[in-house]
Structure formats: structure tokens, C-alpha cells
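**Student:** Residue numbers (this note's numbering), protein chains in the order written: chain A, 158 to 1052; chain B, 7 to 70.
For glycine and all other residues, C-beta sits at the position ideal for the given N, C-alpha and C.
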């Protein structure tokens, strides 16, 4: 017989392979070669997480118990996919334009970015998914037990529980490693998607292999198979119409509403056109999955002893025939279906929990007022996601222990489905009906949740676990019409139909009544119009009209959420679109809108909206926007959008021109100012040299005074020379006549040298070095680079205007190159001056005492551009901050 | 239209006789259900292929 240890080795090897595949995919995606990751086939395969272990093992058991009913679970999704034009296309488009991260985000975003709705949906999703995760743990555990049995050792309950806990821990590790790596825009997880796709292929091929073995190997061919079905106890068609239709509806609805399905269908969708392929390829996949279910069930009932669990026929049938290889393969198929479902579910739920529960609570509990460091919100989110993944799996394990692991797989699955489906009325109402309001949505959801919990969820945990048998039979406190499985005294219904019927009825009714009787907020109307007419105005309408926020404040906030590198690149790109250089774009409504979408890709719409709202203050929806919502205005809006698109280009050009003009004017003013300044600078030493030399020539003076006057003349001459040197240096650099002396050295030594050479004492300026990445080899003109560093250090010493000046020098690797940031703790440079500081003759302060002529930074900029690097002012760092971009290696090679 | 057509075709089996001599056998049901399935998949593939080139043009008639 098959060794149990061999099975464990195979399973571990398989898990290792998945890790490897996921890791490679992440690597490829990081390198930008993700073309094949975005193919429609991968998308279709990832949707197949719909087929869980329930499908793999449970469908056969289902078929063995109730004949054809199992097929309804696949017919529903088939109908949804076939009708993709109506619902799915709309959902995907909305998901793209609004940067939706989860189903809770969809609902919260539709109803005025409401935090409470997001919380309700999240809680519902967690409760509804828990049994499902328990189910997957149970199926993997049972399948291990089958092999242990065949190995001769019979398993006790303790062994089963231990297996379940190890499986849960393994899944948590995998999900945390690949699922919380990045919370980038749109929440795509390449590693996970590709691993899921691989598992999809494995489970399909495994089930087909078992099916082919059964039909051709055991039954002797298709026609014999059909004959055997005729002869079996499942021979006649006797299907209850109510269950048939209810189950098709249920599975179709669940296909749209399950958090994990929403994740793969909408969030991980890379291209709307993939739906074209998936619309027929996924039904094909489903059909292939269910093709051999009935034959396996019939043959299993025929060949295996009556005591055998039909849920495990897929495993026990090949085992009983001595086909160990096939059995292992089929085990891997079941293992795949369980793990892929759990991984995607936990990611989807963890995203929801962190974005809709943890972050809002953290923000309102004052986390926002503490130290404002870049990336701190991000850290909270990542930690909360990791904890939620572990927490959700722990909940699943708890449910598994509570339910005793005895219930048939399909029954648990259906309870979980019907819980997820409670979101359906609100979701469909949200995308098709403008009149839906948040009050209605909240009422509907809560009512649905309560009725479902009472009629289906609590009874499913098992008799006497939560509800006692007496409550089931006689109702709570003896109130008969509240009996969980016969509300209002209507008896004789199938419990499932009963629960779905009442919960959906109350849910929809409350949703409708609540919506009709309440009045939507302006933002709700706006979002409602955008969701319902997503194809009509795909262009974003504006929710922010008055830009009262300062770009620098927005940058500081974005850095907290996205981390500094990504936030800076977003701002830089926006500035570039507006035709500006640097990191601070104009705060136009368009820009704020774009920023909000960018942030909501990471933290969800509600949080992003709230955080930006804190900064922009005041009303964000104007009367014009509300008019735009009205139908009559939609056409005008469309027309004006076109006009706007045309004028946007002109506006950009105009803005660039205006800016250039302003710069020119200012440069010319500065130049005039400088000319008078430079003549002043030149004249002062000249005057003193002249007058002292006259004194020396004409008067009789003592030797002591003589040497004093000669000293003054000498010093003034040096000052003049230095000024002229600077001017000469700059003009040489600008004309490109400079010669570079290439040398090799290390960055950390160079910084050391610059600090020594700057002659700044510890008392004048405390220099803090962040040594982490300073070990960078350099090949460039080190003297010139040192000159730049020295200049920045002495500048900080001169201009930093606090009691205890500090300068932080940190080196980072960004985008393949390295940058050195010089950040001091002073007041920084006012916005109005930031554009000018690198121009010649510019001084920020008017203190001529500082002694410079305003050439230092201009020289720095010229030096860096000659070296192939750059220097920019970095706003939003708390003080004056300069970023020196080191020359890239290839730029060096070219020189 | 396809989901409605599929939905109708898949509810037909409910009207079959369920008891007695003339009850429809599950083997026939198997062939029928999977037959409809293949038909629906084929139609969807066809429709998707047709829509592909100019999705936005067809948008206007999308409701039909």
C-alpha cells in the first residue's frame, strides 16, 4: 500500500513548487516583463478559484446523495459569465475607473464613500467566509486521513486537528509572503495569480484523469457508462423544482458577491477585453469540471462499500483499484483547490479588514495626530493585513473545531454562499438604480445578515453548539413563529430555500424602503451617477472643486500612505503633466482627484476621501457638480468635457509659457539686482584696497599700522579673487569647456572627505549620517562631486536657523541609481523661492553677512549636470532638503 | 439574451415526468444538460468574437 510519508513528501514538494512559481512571477513582474501574466487565459484560470475543494470532492458526494442537483452550482456562474455584457462588464469598468479594492470598497464608494457601510460589508464577508475556510481545512484533513487509513494506521481526532492546524499555518505563511508584499495601486498580486492559475490546471487535469480512468478504465467506455447510470440507484430524474431554481440563483449570485470572486473578477482584472475570452472559456472550464462527476459517483456507489464517504470517492476510487499514482495526483488536485481558494479569500478579506475596519479606527483614535513620518500609515496597513490573514485562518480553524467536522461538504458550502449573497441587492441596486441611498443599503445589509444568521448560519454550526435543539424545534423562549427553520409558522420548506427566501425578501424590502424614504447626500448622488452611468461618463467628474490645500501638505500625507519613493514619483509625474519641473504640481481639482484615486487604490475610497478632506477642508461638491448629476445636464457635460479636453492642452502650454515668462522676468530682475550687487561687492573691497594703499603711500606711519593695513589689503584681494574664481568657474561650466578628471572611489569616503573639508565644527552643525547604503562605488570626477557636497554642507551650516542645527545625510537606491539626500532641521525654503534657488545670483535670505554671492547652488547644478547626475530641491521633508542624484554607471561609460 | 435562453433551457427538465414508467432517465438528462451547455458556450464564443472589434459601437444596442 501507499506510504503515507511519501504523500507528505509529495505534498511538500508541490507546495515548494508553488512558492517557486509565485516567486518567479513576482520577479518577472518587478522587472516589467509581465506581458504573459496579463493574458486572458491566466485571467480565466484565476477565476477558477470558484471551484474549491467543495467542487473537487464535494460535488461527487453531492451527486451520490441527490443526483443532478450538484450541477446547479455550475449553471449559475455559467449564466453570469454568458451574460457578462450586463453585469460583469459594468462591474469591471467601475472597478477600474474608481480604483475599487474589494467588494466592501465598491459598496462604500458607491454610497458616498461611507465608512460604516464598508465595515458592515466587511463583517458580513468575514462571517460568511469563515465556514467556507473551515470547509477547505476539513477537506484537506480528510483527504490526508484517507491515505493514512490506507497506510494501515487509523487516525484519531487529535491527528486530524493537528493536520488542520498545520495546513492553516502553512497557508497563512504563503499568503502573508505573497499577498502583503505590496499594497500598490489596484491591489494586484502577480505571484498569487500565477500560483492560482497553476493550481487551476492541476485540479482540472486531476479530476479529468480520475474521470477518464473511471469511464474508460472501470466502466468500459461512454455507452457502457450511460448504461450503468441507467441501472444505478440514481437512474431517474427526480429534481425538486424549488431547489433547482433557488440553487442556480444562489450560485449565480454568489459568483458575483463572494469576496474572493470579486477579487479575481474585478480587482485582479488587467484588461476589460479579457472578459471576452473568459465569457466562454470559463463556462467551458466549469463544464469540464462537472463532466465526470456523475459517472464517478455512480461507479463509486457501485464498487465501494456502503460505509464509504461519497465526498471522498475521487480519492478512494483510484485507491481501491490500486492506482496509487492517480490517487496522489487526485489528492494534489483537491489540495490545489482548497489552498488556492483559501489564499485568495484571505487576501480579499484582509484587504477589507485593514482598509475598512483597522485604518478608520486607527485614524479616529488619534493615530493621525502623532508623529508624521513618511510611510507610517502604510506600515499600519501592512501589519494589520498580516494579522488579519492569520486571524481569518484562525477563525476558520475555530469553526472547523466547533462544527465537529462532520457535516457534508456541500451543505457548509451552501450556507456560506447564502451569507455572501446578502450583498447582492445592495450591489445590483448600487450599480443600476440611482435612487439607492446609504440608509437603505445599511438597513438591507443588516437585516439580511440577521435573518441569514438566525435561519442558516447558527443552525449550521451544529445542534447544541450555539443553538440548542430545543430552540430549533420550538423557537427561542418558546415563541413558535421565530423558529429558525420555520419563520412565521411556515413549515415544510427545505431549510436552505426557507433561509434564502426570507433573508433575500427582507433584505431587498428594507433596502428599497430605506432608499425611498431617505435623502441621499450630495456625494452619494454624484457617486451614484458615476456608477450607474459608468459607460456614459467614463471620464471622471470632479468631486473636488476648490484646491485650498497646499501641495506640500498633500505630499507629506501621501508619503505616509504610499512611502516616500512612490509618493514622490506620483507627484513628479503630475507636475510633469502640468509642464512643470520638480516635485510640486499645482493643486488643481484634477490633481486632487487623481491623487485620491491613487490613494484609494491602497487604503480604500472612504479612507482616502477622509484623509484628503482633512487637508482641503470645506465643501468638496459644488452646485455645478450637482447640476451635472441631473440627466438634462449630462449632455452639456459631455460636450464641455470635450471642449475641456481640447483646452486642457492649450492650458498646459499656456501654463508652461506663463511660468517661463515669470522665470525670465525674475531672472532679469535678479540679474539687475545682482549687477548692482556685484558692483557693490566688487567696489567695497576695491574701495578699501584703494584707500589703504593711498594711506600707505602718502602718510608716514609706524611699522605696526603698516602691516595691519597691508593685511587688510591682502584679505580684501583674496575676497575679490574668490568672487572672480566663482564667476569664472560658473562660466566655464556653463560653456561646457570644463575638463573632468575621472577617478574611482567610494561614496562613503567622499562624504567623509566633504565633511572634513567643509570645516564645519560640531557646534555649528550636527551631522547625522544614515550609513545603510553608503557603500557605493563611484567612478566620476570625485573632486567636483566633493565640491557639490561641501557646498551643501556649508550652506546648511550658514542658513539653518535653529538653536541646534542638524543635517541628515542619507543615501538611497532608487530606480537603479543612487541618490544622496541632505536634509536639515531649519525652516526650509519658502515655496515662492524654491523655483529660483538654482538660478545664478539668487539668495534666499537678504543677509549679506553670509558672504556668498548666490553662486554656490548654481555651480552645484552645473557640476551635477556635467557629471551626468542632478540636484533638486526636495519639498516636504521638514527643513531645507536637497537631493543629489549620482551619475548613473552608463552615463559614465559614455563619457 | 443568452443567459435568459440558457436559463429557460435549463429549467425545462423540471417539467419532465418524475415518477412512473415514463420517467426520464438520468443518462438522458446528462446528455441534455451538457448538450445545452456546449451550445451556450459555443454561442457565447461566437458573440464575443463578433463584438470584439468595436465594443463601443455596440454599446448603444447593448440593452437588447
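Got a sec, what are the start and stop residues for the beta strand (DSSP E) residue 981 of chain A sits in?
**Tutor:** In the first chain, residue 981 of chain A corresponds to position 824, counting from 1. From DSSP, the beta strand (DSSP E) with residue 981 of chain A extends over 974-981.
**Student:** Entirely within the segment 264-331 of chain A and at least 4 residues each: give me those alpha helix (DSSP H) ranges in chain order.
**Tutor:** For the segment 264-331 of chain A, whole alpha helix (DSSP H) runs of length 4 or above, ordered along the chain, are 272-307.
**Student:** Please state whether the Cβ-Cβ distance between residue 363 of chain A and residue 202 of chain A is less than 7 Å.
**Tutor:** Taking the first chain and counting its residues from 1, the one referred to as residue 363 of chain A is at position 206. Taking the first chain and counting its residues from 1, the one referred to as residue 202 of chain A is at position 45. No. Outside cutoff.
**Student:** Going along the chain, which residues of its own chain have a beta-carbon closer than 7 Å to the beta-carbon of residue 64 of chain B, five neighbours each way excluded?
**Tutor:** The sequence position of residue 64 of chain B within the second chain is 58, counting from 1. Caution applies to residue 64 of chain B, whose pLDDT of 38 falls short of 50 and renders its modelled position unreliable; the model cannot decide the point.
**Student:** When Cβ atoms are compared, which residues of the segment 441-452 of chain A fall closer than 8 Å to chain B?
**Tutor:** Listed in sequence order: 441, 444, 448 and 451.
**Student:** Quick one: measure Cβ to Cβ for residue 501 of chain A and residue 206 of chain A, integer angstroms, because I've assumed they're closer than 8 Å.
**Tutor:** On the first chain, position 344 is the one that residue 501 of chain A refers to. On the first chain, position 49 is the one that residue 206 of chain A refers to. Indeed they touch by this definition, with Cβ atoms about 5 Å apart.
**Student:** Between which two residues does the beta strand (DSSP E) harbouring residue 356 of chain A extend?
**Tutor:** Translated into positions along the first chain, residue 356 of chain A becomes position 199. Per DSSP, residue 356 of chain A belongs to no beta strand (DSSP E); it is in the alpha helix (DSSP H), 347-369.
**Student:** Entirely within the segment 180-258 of chain A and at least 4 residues each: give me those alpha helix (DSSP H) ranges in chain order.
**Tutor:** For the segment 180-258 of chain A, whole alpha helix (DSSP H) runs of length 4 or above, ordered along the chain, are 197-204, 216-223, 229-239 and 245-255.
**Student:** Give a yes or no on whether the minimum CB-CB distance between residue 43 of chain B and chain A is below 7 Å.
**Tutor:** By one-based count along the second chain, residue 43 of chain B stands at place 37. Taking Cβ atoms only, chain A reaches closer than 7 Å to residue 43 of chain B, which makes this a yes.
**Student:** From the DSSP secondary-structure annotation, give me the bridge partner or partners of residue 934 of chain A.
**Tutor:** Taking the first residue of the first chain as position 1, residue 934 of chain A is located at position 777. Note: residue 934 of chain A sits in a beta bridge opposite A/903.
**Student:** Say whether chain A places a C-beta atom closer than 7 Å to the C-beta of residue 56 of chain B.
**Tutor:** Your numbering for residue 56 of chain B matches position 50 in the second chain. No, no contact with chain A.
**Student:** What's the C-alpha gap between residue 325 of chain A and residue 554 of chain A?
**Tutor:** Within the first chain, residue 325 of chain A is the residue found at index 168, counting from 1. Within the first chain, residue 554 of chain A is the residue found at index 397, counting from 1. Residue 325 of chain A and residue 554 of chain A: Cα-Cα distance of roughly 7 Å.
**Student:** Looking at the C-beta of residue 696 of chain A, does it have a partner C-beta in chain B at a distance below 7 Å?
**Tutor:** Position 539 of the first chain holds residue 696 of chain A. Residue placement at residue 696 of chain A is flagged as unreliable, the pLDDT there being 46, under the threshold of 50; a coordinate-derived value is accordingly withheld.
**Student:** Taking only beta-carbon positions, decide if residue 423 of chain A is within less than 7 Å of chain B.
**Tutor:** For the purposes of this step, residue 423 of chain A is taken as the residue at position 266 of the first chain. Chain B contact via Cβ: absent.
**Student:** Give the straight-line distance between the Cα atoms of residue 45 of chain B and residue 581 of chain A, rounded to the nearest whole angstrom.
**Tutor:** The count along the second chain starts at 1 and reaches residue 45 of chain B at position 39. The count along the first chain starts at 1 and reaches residue 581 of chain A at position 424. Distance between the alpha carbons of residue 45 of chain B and residue 581 of chain A: 28 Å.
**Student:** Look up residue 464 of chain A in the DSSP assignment and say whether it is helix, strand or coil.
**Tutor:** One-based indexing of the first chain puts residue 464 of chain A at position 307. If DSSP states are grouped into helix, strand and coil, residue 464 of chain A belongs with coil.
**Student:** Per DSSP, which one or two residues make a beta bridge with residue 753 of chain A?
**Tutor:** Mapped onto the first chain, residue 753 of chain A falls at position 596. Answer is none; residue 753 of chain A lacks a bridge partner.
**Student:** Is there a C-beta anywhere in chain A that falls below 7 Å from the one on residue 14 of chain B?
**Tutor:** As a first step, residue 14 of chain B is located in the second chain; it is residue number 8 there, counting from the start. It does not: the Cβ of residue 14 of chain B has no partner Cβ on chain A nearer than 7 Å.
**Student:** Give the residues of chain B in contact with residue 436 of chain A, contact being defined as C-beta atoms less than 7 Å apart.
**Tutor:** Walking along the first chain from the start, residue 436 of chain A turns up at place 279. Chain B residues near residue 436 of chain A: 50 and 54.
**Student:** From residue 378 of chain A to residue 372 of chain A, what does the alpha carbon distance come to, in whole angstroms?
**Tutor:** Numbered from its first residue, the first chain carries residue 378 of chain A at position 221. Numbered from its first residue, the first chain carries residue 372 of chain A at position 215. Approximately 6 Å, taken between the alpha carbons.
**Student:** State buried or exposed for residue 916 of chain A, treating a residue as buried only when at least 16 other CB atoms are found within 10 Å of its CB.
**Tutor:** Numbered from its first residue, the first chain carries residue 916 of chain A at position 759. Exposed: under 16 other Cβ atoms inside 10 Å.
**Student:** Could you say if the segment 380-388 of chain A and the segment 169-178 of chain A meet the contact criterion of at least three C-beta pairs nearer than 8 Å?
**Tutor:** The segment 380-388 of chain A, when compared against the segment 169-178 of chain A, does not touch it at the 8 Å Cβ threshold.
**Student:** Tell me whether residue 419 of chain A is buried or exposed, calling it buried when 16 or more other Cβ atoms sit within 10 Å of its Cβ.
**Tutor:** As a first step, residue 419 of chain A must be located in the first chain, where it is residue number 262. With 16 or more Cβ atoms within 10 Å of its Cβ, residue 419 of chain A is classed as buried.
**Student:** Residue 229 of chain A and residue 405 of chain A - do their beta-carbons sit closer together than 7 Å?
**Tutor:** Working through the first chain from its first residue, we reach residue 405 of chain A at position 248. Working through the first chain from its first residue, we reach residue 229 of chain A at position 72. The answer is yes: Cβ separation under 7 Å.
**Student:** What residue range is occupied by the uninterrupted alpha helix (DSSP H) comprising residue 491 of chain A?
**Tutor:** Taking the first residue of the first chain as 1, we reach residue 491 of chain A at position 334. It spans 481-510 - the alpha helix (DSSP H) in which residue 491 of chain A sits, taken as one unbroken run.
**Student:** Establish whether the CB of residue 431 of chain A and some CB of chain B are separated by less than 7 Å.
**Tutor:** For the purposes of this step, residue 431 of chain A is identified with residue 274 of the first chain, where counting begins at 1. No, its Cβ sits nowhere closer than 7 Å to a Cβ of chain B.
**Student:** Using the C-alpha atoms, what's the distance from residue 417 of chain A back to residue 1049 of chain A?
**Tutor:** Taking the first residue of the first chain as 1, we reach residue 1049 of chain A at position 892. Taking the first residue of the first chain as 1, we reach residue 417 of chain A at position 260. Residue confidence for residue 1049 of chain A is low, a pLDDT of 45 falling below 50, so the modelled location carries little weight and cannot support an answer.
**Student:** Whose C-alpha, out of A/1012, A/879 and A/199, is nearest the C-alpha of residue 891 of chain A?
**Tutor:** Mapped onto the first chain, residue 891 of chain A falls at position 734. For residue 891 of chain A, the nearest C-alpha among the options comes from A/1012.
**Student:** So the candidates are A/974, A/922, A/940 and A/558; which of them puts its Cα closest to the Cα of residue 958 of chain A?
**Tutor:** Counting from 1 along the first chain, the entry for residue 958 of chain A is found at position 801. Ranking A/974, A/922, A/940 and A/558 by Cα distance to residue 958 of chain A puts A/922 first.
**Student:** Taking the beta strand (DSSP E) that residue 449 of chain A belongs to, which residues open and close that run?
**Tutor:** As a first step, residue 449 of chain A is located in the first chain; it is residue number 292 there, counting from the start. First-last for residue 449 of chain A: undefined, no H or E at that position.
**Student:** Looking at the structure shown, is residue 177 of chain A part of a helix, part of a strand, or coil, going by DSSP?
**Tutor:** Here residue 177 of chain A refers to the residue found at position 20 of the first chain. Residue 177 of chain A falls in the helix class under three-state DSSP.
**Student:** For chain C, is any of its Cβ atoms less than 7 Å away from the one on residue 225 of chain A?
**Tutor:** Of the protein chains in the structure, A and B, none is chain C.
**Student:** Between which residues of its own chain and residue 453 of chain A is the CB-CB distance below 7 Å, once the five residues before and five after are set aside?
**Tutor:** Working through the first chain from its first residue, we reach residue 453 of chain A at position 296. Correct list, in chain order: 217, 367, 368, 371, 470, 471 and 474.
**Student:** Using a Cβ cut-off of 7 Å (strictly closer), state whether residue 1020 of chain A contacts chain B.
**Tutor:** Translated into the one-based positions of the first chain, residue 1020 of chain A becomes position 863. No, no contact with chain B.
**Student:** Go through its chain and collect everything with a Cβ distance to residue 695 of chain A's Cβ below 8 Å, but skip five positions before and after it.
**Tutor:** Along the first chain, read from residue 1 onward, the residue named residue 695 of chain A stands at position 538. Residue placement at residue 695 of chain A is poorly supported in this model, since its pLDDT is 47, which falls under 50; the coordinates still yield a value, given next. 250 and 254.
**Student:** Considering just the uninterrupted stretch of the beta strand (DSSP E) at residue 684 of chain A, what are its terminal residues?
**Tutor:** Locating residue 684 of chain A in the first chain gives position 527, counting from the first residue. Here residue 684 of chain A belongs to no beta strand (DSSP E); instead the alpha helix (DSSP H) covers 679-689.
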